[in-house]
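Here is the structure we will look at.
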Amino acid sequence: MAKGGPPKTATVRVRVQPRASTNQVVGVRDGVLCVRLTAPPVEGAANQACVEFVAEALGLRRSQVKIASGQKSRDKVLAVESITQAQLDAALSKLASSMAGAPTSTE
Numbered sequence: 210m211a212k213g214g215p216p217k218t219a220t221v222r223v224r225v226q227p228r229a230s231t232n233q234v235v236g237v238r239d240g241v242l243c244v245r246l247t248a249p250p251v252e253g254a255a256n257q258a259c260v261e262f263v264a265e266a267l268g269l270r271r272s273q274v275k276i277a278s279g280q281k282s283r284d285k286v287l288a289v290e291s292i293t294q295a296q297l298d299a300a301l302s303k304l305a306s307s308m309a310g311a312p313t314s315t316e
């Protein structure tokens, strides 16, 4: 029998701008993490880059982050395993506050 109850999964909404000059977090606007990625939106390259970049930015393993919806859209929902929504929200707040001058909003 597994300890600790059911597995924890949290979600984060992400807006992706592909083919940018650098990989970077732009900010958090209205609860959406906005990122720029150098990868093109071709054959899943931007999706893979999104998962890898967000996992690294939040200090998580790539295997913890999966695209729950938005495979063919700039607007995605990522499912993050082994973390509560409160822990993920705290990590996003910390990430947003570490970006000097970046626009943020928690509404």
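Per the working numbering, the very first residue in the sequence shown carries number 210; after that it's consecutive. Cβ atoms here follow ideal geometry from the backbone N, Cα and C, with glycine treated the same way. Owing to the predicted nature of the structure, the values given are computational and were not obtained by experimental measurement.
Do residue j and residue i have their beta-carbon atoms positioned less than 9 Å apart in this structure?
i	j	result
GLU265	THR218	no
VAL263	VAL274	yes
ALA300	GLY268	yes
VAL244	ASN232	yes
ASP284	VAL241	yes
In this structure, what does DSSP give as the bridge partners for residue i?
i	result
ILE276	LEU287
LEU242	VAL223, VAL237
Where does the unbroken alpha helix (DSSP H) through residue i begin, and where does it stop?
i	result
SER306	294-306
ASN256	254-266
(request) Check whether the segment 246-261 touches the segment 290-309, taking contact to mean three or more Cβ pairs, one atom from each stretch, closer than 8 Å. (result) no
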